[in-house]
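Trainee:
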Amino acid sequence: METTNFIVRFLEWLMSFDPKAVVLGASAIGAGFAMIAGIGPGIGQGYAAGKGAEAVSRNPKSQRETTMVMLLGAAVAETSGILALVVALIMLFGNPLISAKGSAMVIMASAIGAGLSMIAGIGPGVGQGYAAGKGTEAVGKRPKLQSSVVRTMLVGQAVAQTTGIYALVISLVLLFANPLIRM
Amino acid sequence: METMITGKALVLACSAIGAGLAMIAGIGPGIGQGYAAGKGAEGVGRQPEAQGDIVRTMLLGAAVAETTGIYGLVIALILLFANPLVKLLG
Amino acid sequence: METMITGKALVLACSAIGAGLAMIAGIGPGIGQGYAAGKGAEGVGRQPEAQGDIVRTMLLGAAVAETTGIYGLVIALILLFANPLVKLLG
Amino acid sequence: METMITGKALVLACSAIGAGLAMIAGIGPGIGQGYAAGKGAEGVGRQPEAQGDIVRTMLLGAAVAETTGIYGLVIALILLFANPLVKLLG
Amino acid sequence: METMITGKALVLACSAIGAGLAMIAGIGPGIGQGYAAGKGAEGVGRQPEAQGDIVRTMLLGAAVAETTGIYGLVIALILLFANPLVKLLG
Amino acid sequence: METMITGKALVLACSAIGAGLAMIAGIGPGIGQGYAAGKGAEGVGRQPEAQGDIVRTMLLGAAVAETTGIYGLVIALILLFANPLVKLLG
Amino acid sequence: METMITGKALVLACSAIGAGLAMIAGIGPGIGQGYAAGKGAEGVGRQPEAQGDIVRTMLLGAAVAETTGIYGLVIALILLFANPLVKLLG
Amino acid sequence: METMITGKALVLACSAIGAGLAMIAGIGPGIGQGYAAGKGAEGVGRQPEAQGDIVRTMLLGAAVAETTGIYGLVIALILLFANPLVKLLG
Amino acid sequence: METMITGKALVLACSAIGAGLAMIAGIGPGIGQGYAAGKGAEGVGRQPEAQGDIVRTMLLGAAVAETTGIYGLVIALILLFANPLVKLLG
Amino acid sequence: METMITGKALVLACSAIGAGLAMIAGIGPGIGQGYAAGKGAEGVGRQPEAQGDIVRTMLLGAAVAETTGIYGLVIALILLFANPLVKLLG
Ligand code: NA
Ligand code: NA
Ligand code: NA
Ligand code: NA
Ligand code: NA
Ligand code: NA
Ligand code: NA
Ligand code: NA
Ligand code: NA
Ligand code: NA
Chain P
1 METTNFIVRF LEWLMSFDPK AVVLGASAIG AGFAMIAGIG PGIGQGYAAG KGAEAVSRNP
61 KSQRETTMVM LLGAAVAETS GILALVVALI MLFGNPLISA KGSAMVIMAS AIGAGLSMIA
121 GIGPGVGQGY AAGKGTEAVG KRPKLQSSVV RTMLVGQAVA QTTGIYALVI SLVLLFANPL
181 IRM
Chain L
1 METMITGKAL VLACSAIGAG LAMIAGIGPG IGQGYAAGKG AEGVGRQPEA QGDIVRTMLL
61 GAAVAETTGI YGLVIALILL FANPLVKLLG
Chain R
1 METMITGKAL VLACSAIGAG LAMIAGIGPG IGQGYAAGKG AEGVGRQPEA QGDIVRTMLL
61 GAAVAETTGI YGLVIALILL FANPLVKLLG
Chain W
1 METMITGKAL VLACSAIGAG LAMIAGIGPG IGQGYAAGKG AEGVGRQPEA QGDIVRTMLL
61 GAAVAETTGI YGLVIALILL FANPLVKLLG
Chain G
1 METMITGKAL VLACSAIGAG LAMIAGIGPG IGQGYAAGKG AEGVGRQPEA QGDIVRTMLL
61 GAAVAETTGI YGLVIALILL FANPLVKLLG
Chain X
1 METMITGKAL VLACSAIGAG LAMIAGIGPG IGQGYAAGKG AEGVGRQPEA QGDIVRTMLL
61 GAAVAETTGI YGLVIALILL FANPLVKLLG
Chain F
1 METMITGKAL VLACSAIGAG LAMIAGIGPG IGQGYAAGKG AEGVGRQPEA QGDIVRTMLL
61 GAAVAETTGI YGLVIALILL FANPLVKLLG
Chain V
1 METMITGKAL VLACSAIGAG LAMIAGIGPG IGQGYAAGKG AEGVGRQPEA QGDIVRTMLL
61 GAAVAETTGI YGLVIALILL FANPLVKLLG
Chain E
1 METMITGKAL VLACSAIGAG LAMIAGIGPG IGQGYAAGKG AEGVGRQPEA QGDIVRTMLL
61 GAAVAETTGI YGLVIALILL FANPLVKLLG
Chain B
1 METMITGKAL VLACSAIGAG LAMIAGIGPG IGQGYAAGKG AEGVGRQPEA QGDIVRTMLL
61 GAAVAETTGI YGLVIALILL FANPLVKLLG
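Protein chains in written order, with UniProt numbering: chain P, 1 to 183; chain L, 1 to 90; chain R, 1 to 90; chain W, 1 to 90; chain G, 1 to 90; chain X, 1 to 90; chain F, 1 to 90; chain V, 1 to 90; chain E, 1 to 90; chain B, 1 to 90.
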């Protein structure tokens with residue numbers, strides 16, 4: 001039946017492709033979305049770097065301790081970036097959606113949703129980097145308190161990670177245990 | 001893979017995207033709680049004797065800051081596992 | 001290829017996206033309340049004797065900062081569970 | 001047999017998305033009021049004797065900061081419950 | 001029998017999205033005025049004798065910061081209630 | 001009988017979205033002027049004798065910060081009320 | 001009879017969206033110049049004798065910060081009033 | 001229904017959107033240079049005798065911060081006035 | 001008669017959008033380098049005797065901060081002038 | 001309507017958009033490293049004798065902050081030059 005409805009026409013156009021192609025195309029976009037999470041660690045670790053440089057200028061003697069705290073805190077702040085990279089690599093090189101059975105339209109949208117979800121990682125990246133910077137500053141001022149400062153930093157960073165984990169879970173559910181495809 | 005375009009498929013497809021969008025809320029708690037973590041570490045470095053109070057306040061404030069991230073998660077889980085929109089389709 | 005998408009399906013599908021978008025508001029309270037948490041922790045470290053006042057003010061301010069996140073949640077819940085747009089379709 | 005997607009359905013569907021977008025404004029008050037909460041808590045810790053004035057100013061300022069979040073909510077509610085666009089369709 | 005999607009419907013549908021987008025401007029005043037609220041509360045705590053001047057300056061500055069949020073609201077209201085684009089369609 | 005979606009309708013529909021997007025610029029002046037409001041309030045509290053100079057500088061700077069918000073508004077108004085693109089369609 | 005959507009209409013429609021997107025650049029100058037306004041007001045309060053130098057530096061810096069907002073405006077105006085893409089269509 | 005949209009029109013339409021997107025880069029220099037303006041004004045107020053050095057450093061730094069805004073402008077101008085993609089279409 | 005939209009046209013059209021998106025990266029260096037400019041100007045005002053060292057460090061750090069803006073530019077230029085995707089189409 | 005677009009073309013077109021999106025990650029390192037540059041310049045002004053250590057720490061921290069920008073670049077380059085998705089199509 002000939003239809004002039006542009007929404008239906010667009011969907012019919014989309015579904016006229018090899019369904020695999022539609023899912024792969026969506027995966028390319030999803031992978032791109034996921035990488036946006038990298039904004040977070042970039043800002044956060046840069047903050048830590050600045051605080052590290054400042055700490056060294058204020059108390060050059062504590063350079064070793066401050067650098068170690070800066071790197072430790074920045075390593076934690078990297079998490080979101082790594083998780084996003086892993087999700088993007090899964091979508092590009094080990095995409096479980098390609099072999100999924102069900103509606104191509106739902107599978108396609110799941111790839112995009114999985115990528116969008118990872119953007120949440122910006123938050124933990126920024127926040128944990130801030131904590132890394134403040135931890136570095138504190139240790140630079142009073143190197144003797146390094147252990148309690150670092151413990152507090154790590155506890156706070158762990159708390160700040162949760163929404164990034166939530167996003168990872170939703171993303172992995174969409175990729176590997178998609179309840180929508182089965183509906 | 002089926003290429004049939006059904007209304008149900010469209011609703012489910014957009015639910016997947018909606019779930020992804022909802023998670024973006026998590027940016028907020030991540031930044032905010034990280035700020036609290038930083039201020040907590042700073043405070044402990046300044047007043048080690050007040051560490052208990054500082055960390056408790058930090059965690060209390062961080063718990064409050066978590067809520068909107070949880071809201072986003074709940075909406076995403078509803079869209080994925082208890083989708084009320086599909087039921088409305090009949 | 002017959003397409004069987006109804007207007008109702010389109011409204012419900014876009015409601016899923018709308019619900020996801022509404023949750024993004026949660027970024028704000030997350031950042032803001034986290035800032036309050038950090039300032040609260042700092043304050044408690046400096047003036048432990050004022051802990052009660054500091055925490056109370058922090059929580060009062062955080063409650064105020066939560067509202068727009070709640071607005072977003074309410075709009076999302078309306079779209080999911082009491083969708084007035086579908087009813088308008090007749 | 002199959003109901004086609006009507007113009008009315010399209011307007012309602014896009015209204016759902018518009019309502020979701022409007023809520024994003026809530027990011028602003030959330031951040032701003034949280035900042036005020038943090039400064040209020042800090043101030044109360046430093047000058048407990050001025051607590052009344054500090055909290056009053058914080059709440060006054062936060063009320064001002066809420067307005068654009070309310071605007072977004074109002075537009076979303078109009079789109080959902082008193083949609084003037086659908087009426088225009090005739 | 002079936003109503004097709006008309007040009008009018010498309011314009012109205014996109015107007016709903018445009019109205020939602022315009023509200024996003026509200027993020028700005030929300031953050032800015034909240035900052036002013038925090039600084040006002042801080043100032044009142046430090047110089048209670050200058051409370052009148054501080055609050056007046058805060059409110060004056062906040063009024064200035066509100067304008068772009070109002071612009072967004074006005075554009076949204078025009079799109080919803082006095083849509084000039086539909087009239088252009090003839 | 002049924003009016004199809006014409007090119008004119010498409011241009012007008014996208015103009016509605018363009019107008020909404022242009023308003024997002026308003027985030028900037030809102031944040032910036034709010035910052036100026038906060039600094040102005042702080043300054044007036046510290047140096048009440050310089051209130052005139054502080055407020056004048058704050059308002060001058062805020063006027064400068066408003067311009068890009070006005071640009072966005074102007075582009076939106078052009079799209080809505082003096083759409084040059086529709087005229088190009090002939 | 002019915003006018004179809006032509007390539008020209010599509011280019012013009014997307015130009016409306018492109019113009020709207022270009023205006024978003026205005027967020028930057030708005031925030032930046034507002035910061036300068038705040039710092040200027042603060043400086044004038046502290047060193048009233050240097051008011052001339054402070055305001056001149058603030059305005060010079062703000063002029064520099066305006067450029068990218070102007071770039072966005074120019075691209076939007078080109079898309080609306082001197083669209084080179086439509087000409088390319090022939 | 002015959003579509004009268006050619007590949008060329010599609011490329012040009014998306015070029016308009018691409019040009020708009022590229023301008024968004026301008027947010028960065030706007031914020032950054034505004035920060036520099038504020039710091040410059042503050043510095044000139046504190047050390048009027050170093051005004052020359054302060055303003056020179058501010059302008060040098062601001063010039064460096066402008067580059068990515070220029071990149072965005074160049075890409076937009078290429079898309080609008082020397083579109084290499086259309087040429088590739090043949 | 002009418003030219004259909006070919007796969008090549010679709011790839012080129014999306015390349016225009018991809019190029020525009022890639023330029024958005026430029027927000028970052030703009031903000032960061034502007035911050036460095038501000039701190040450099042502040043430092044030069046305070047320690048004029050260290051001007052050389054300050055400016056050199058500022059420029060070195062700004063060069064490092066430029067890289068991701070350059071990456072975005074390179075990807076955009078590849079999409080526009082040496083599009084490998086179109087070649088893959090054969 | 002015969003589609004002359006192959007699945008391969010669709011995948012490549014979406015890859016162009018995905019590559020552009022991935023580059024947006026570059027906002028982060030740009031802001032962060034710029035902050036480090038500013039703090040480095042400030043520090044060098046304060047203790048010129050520690051310049052070597054300050055700059056080394058700044059560069060080490062900035063290298064760490066670069067990684068996610070590189071990740072985005074790598075994903076974009078894979079999408080453009082070693083597209084695994086097209087190979088999957090067979
Ligand atoms: Na968390
Ligand atoms: Na909360
Ligand atoms: Na609120
Ligand atoms: Na307001
Ligand atoms: Na304003
Ligand atoms: Na301006
Ligand atoms: Na500029
Ligand atoms: Na630059
Ligand atoms: Na870099
Ligand atoms: Na990193």
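C-beta atoms are modelled at their ideal positions from N, C-alpha and C, and glycine is treated no differently.
Values in this document were obtained by computation on a predicted structure and should not be read as measured data.
For serine 99 of chain P, does the three-state DSSP call read helix, strand or coil?
Mentor: Within the first sequence, the letter at position 99 stands for residue 99 of chain P. In this structure, serine 99 of chain P counts as coil in the three-state DSSP scheme.
Trainee: For valine 23 of chain P versus isoleucine 107 of chain P, is the C-beta distance shorter than 7 angstroms?
Mentor: Numbered from 1 along the first sequence, position 23 holds the residue referred to as residue 23 of chain P. Numbered from 1 along the first sequence, position 107 holds the residue referred to as residue 107 of chain P. Taking a C-beta distance under 7 angstroms as the contact criterion, valine 23 of chain P and isoleucine 107 of chain P qualify as a contact pair.
Trainee: At a cut-off of 6 angstroms, is threonine 67 of chain E close to ligand 5 when judged by its beta-carbon and the heavy atoms of the ligand?
Mentor: Against the ninth sequence, residue 67 of chain E aligns to sequence position 67. Incorrect: threonine 67 of chain E has no Cβ contact closer than 6 angstroms to ligand 5.
Trainee: Got a sec: is the Cβ-Cβ distance from proline 48 of chain X to anything in chain F below 7 angstroms?
Mentor: Mapped onto the sixth sequence, residue 48 of chain X falls at position 48. Not closer than 7 angstroms to any Cβ of chain F, the Cβ of proline 48 of chain X fails to qualify, so no.
Trainee: Leucine 79 of chain X versus chain F: which residues are under 8 angstroms apart at the beta carbon?
Mentor: Counting from one through the sixth sequence, the residue named residue 79 of chain X turns up at place 79. Neighbours of leucine 79 of chain X on chain F, chain order: Ala16, Ala19, Gly20 and Leu80.
Trainee: For the 8 angstroms Cβ check, are there 3 or more pairs between the region 48 to 59 of chain E and the region 15 to 25 of chain B?
Mentor: no
Trainee: Which residues does DSSP list as the beta-bridge partners of proline 4 of chain B?
Mentor: Along the tenth sequence, read from residue 1 onward, the residue named residue 4 of chain B stands at position 4. Residue identity differs from the one stated: residue 4 of chain B is methionine in this sequence, not proline. Methionine 4 of chain B pairs with E:Thr6.
Trainee: From glutamate 42 of chain R to glutamate 42 of chain L, what does the alpha carbon distance come to, in whole angstroms?
Mentor: For the purposes of this step, residue 42 of chain R is taken as residue 42 along the third sequence, with counting starting at 1. For the purposes of this step, residue 42 of chain L is taken as residue 42 along the second sequence, with counting starting at 1. When rounded, the distance between both Cα atoms is 8 angstroms.
Trainee: Going along chain L in order, which residues have a C-beta closer than 7 angstroms to the C-beta of valine 149 of chain P?
Mentor: The residue given as residue 149 of chain P occupies position 149 in the first sequence. What valine 149 of chain P touches in chain L: Ala41, Val44 and Gly45.
Trainee: Flag valine 74 of chain G as yes when its Cβ comes closer than 6 angstroms to any non-hydrogen atom of ligand 5, and as no otherwise.
Mentor: Locating residue 74 of chain G in the fifth sequence gives position 74, where the first residue counts as 1. False, no ligand heavy atom lies under 6 angstroms from that Cβ.
Trainee: Under the rule that 16 or more other beta-carbon atoms within 10 Å means buried, what is lysine 87 of chain X, buried or exposed?
Mentor: Here residue 87 of chain X refers to the residue found at position 87 of the sixth sequence. With fewer than 16 Cβ atoms within 10 Å of its Cβ, lysine 87 of chain X is classed as exposed.
Trainee: Check whether the Cβ of glutamine 33 of chain E sits closer than 6 angstroms to any heavy atom of ligand 9, and report yes or no.
Mentor: As a working note, residue 33 of chain E is residue 33 in the ninth sequence. No, ligand 9 has no heavy atom inside 6 angstroms of this Cβ.
Trainee: Run the CB neighbour count on glycine 38 of chain L, radius 10 Å, all protein chains shown included, and call it buried at 16 or more, exposed below.
Mentor: Locating residue 38 of chain L in the second sequence gives position 38, where the first residue counts as 1. Only buried fits glycine 38 of chain L, as 16 or more other CB atoms lie within 10 angstroms of its CB.
Trainee: Which term fits glycine 32 of chain R, buried or exposed, when burial requires 16 or more other beta carbons within 10 angstroms of its beta carbon?
Mentor: Counted from its first residue, the third sequence places residue 32 of chain R at position 32. Burial of glycine 32 of chain R is indicated by the presence of at least 16 other C-beta atoms within 10 angstroms of its C-beta.
Trainee: Using the three-state DSSP reduction, which class does alanine 82 of chain W fall into: helix, strand or coil?
Mentor: Locating residue 82 of chain W in the fourth sequence gives position 82, counting from the first residue. Looking at alanine 82 of chain W - three-state DSSP - the assignment turns out to be coil, as it is neither helix nor strand.
Trainee: For a test of the three-state rule: what should DSSP assign to alanine 31 of chain P, helix, strand or coil?
Mentor: Position 31 of the first sequence, counting from 1, holds the residue named residue 31 of chain P. Three-state DSSP puts alanine 31 of chain P in a helix.
Trainee: With three or more C-beta pairs closer than 8 angstroms as the rule, is the region 1 to 17 of chain G touching the region 3 to 19 of chain W?
Mentor: These segments touch.
Trainee: Report yes or no: is there a C-beta of chain G within less than 7 angstroms of the C-beta of leucine 73 of chain W?
Mentor: Against the fourth sequence, residue 73 of chain W aligns to sequence position 73. Answer no: the Cβ-Cβ gap between leucine 73 of chain W and chain G never drops below 7 angstroms.
Trainee: Using beta-carbon positions only, say whether isoleucine 5 of chain F and alanine 25 of chain X come within less than 7 angstroms of one another.
Mentor: Against the seventh sequence, residue 5 of chain F aligns to sequence position 5. Against the sixth sequence, residue 25 of chain X aligns to sequence position 25. Contact: no.
Trainee: For phenylalanine 176 of chain P, which of helix, strand or coil comes out of DSSP?
Mentor: Here residue 176 of chain P corresponds to residue number 176 of the first sequence, with the count starting at 1. Helix at phenylalanine 176 of chain P.
Trainee: Using the Cα positions of leucine 85 of chain W and leucine 77 of chain G, report the straight-line distance between them to the nearest angstrom.
Mentor: Sequence index remark: in the fourth sequence, residue 85 of chain W carries index 85 (1-based). Sequence index remark: in the fifth sequence, residue 77 of chain G carries index 77 (1-based). If I take the Cα positions, the gap works out to 11 angstroms.
Trainee: Give every residue of the same chain whose Cβ lies closer than 8 angstroms to the Cβ of threonine 68 of chain E, excluding the five residues on either side of it in the sequence, and list them in chain order.
Mentor: Here residue 68 of chain E refers to the residue found at position 68 when the ninth sequence is read from its first residue. Once the five neighbours on either side are set aside, the close Cβ partners of threonine 68 of chain E are Ala25, Gly28 and Pro29.
Trainee: Taking its Cβ as the centre, do 16 or more other Cβ atoms sit within 10 Å of glycine 90 of chain E, making it buried, or is it exposed?
Mentor: Here residue 90 of chain E is taken as the residue at index 90 of the ninth sequence, counted from 1. Exposed.
Trainee: Between glutamine 128 of chain P and glutamine 157 of chain P, is the Cβ-Cβ spacing less than 7 angstroms?
Mentor: Along the first sequence, read from residue 1 onward, the residue named residue 128 of chain P stands at position 128. Along the first sequence, read from residue 1 onward, the residue named residue 157 of chain P stands at position 157. Yes, Cβ-Cβ distance for glutamine 128 of chain P and glutamine 157 of chain P is below 7 angstroms.
Trainee: Considering only residues of the region 5 to 57 of chain W, which uninterrupted alpha helix (DSSP H) runs meet the minimum length of 4 residues and lie entirely inside it, listed in chain order?
Mentor: 7 to 23 and 27 to 46
Trainee: Taking all protein chains shown into account, decide if serine 117 of chain P is buried (16 or more other Cβ within 10 angstroms of its Cβ) or exposed.
Mentor: Translated into the one-based positions of the first sequence, residue 117 of chain P becomes position 117. Classification for serine 117 of chain P: buried.
Trainee: Comparing the CB of proline 29 of chain G with every heavy atom of ligand 6, is any distance shorter than 6 angstroms?
Mentor: Indexing the fifth sequence from 1 puts residue 29 of chain G at position 29. Not so, every heavy atom of ligand 6 lies at least 6 angstroms from the Cβ.
Trainee: What are the complete alpha helix (DSSP H) segments, minimum 4 residues, inside the UniProt domain "V-ATPase proteolipid subunit C-like" (29 to 91) of chain P?
Mentor: Within the UniProt domain "V-ATPase proteolipid subunit C-like" (29 to 91) of chain P, the complete alpha helix (DSSP H) runs of at least 4 residues fall at 39 to 58.
Trainee: Would you report the Cα separation of valine 139 of chain P and isoleucine 70 of chain X, rounded to the nearest angstrom?
Mentor: Here the question's residue 139 of chain P lines up with position 139 in the first sequence. Here the question's residue 70 of chain X lines up with position 70 in the sixth sequence. Computed Cα separation, rounded: 47 angstroms.
Trainee: Between the C-alpha atoms of valine 55 of chain X and valine 44 of chain W, what's the straight-line distance to the nearest angstrom?
Mentor: Counting from one through the sixth sequence, the residue named residue 55 of chain X turns up at place 55. Counting from one through the fourth sequence, the residue named residue 44 of chain W turns up at place 44. Going from the Cα of valine 55 of chain X to the Cα of valine 44 of chain W covers about 27 angstroms.
Trainee: When we look at the beta-carbon of glutamate 2 of chain V and count the other beta-carbons within 10 Å, is it buried (16 or more) or exposed?
Mentor: On the eighth sequence, residue 2 of chain V is found 2 positions in, with the first residue counted as 1. Since pLDDT at glutamate 2 of chain V reaches only 45, below the 50 mark, its modelled position is unreliable, and no value is offered.
Trainee: When the Cα of leucine 79 of chain G is compared with those of W:Leu80, W:Phe81 and W:Ile75, which residue comes out closest?
Mentor: Here residue 79 of chain G refers to the residue found at position 79 when the fifth sequence is read from its first residue. The option with the nearest alpha carbon to leucine 79 of chain G is W:Ile75.
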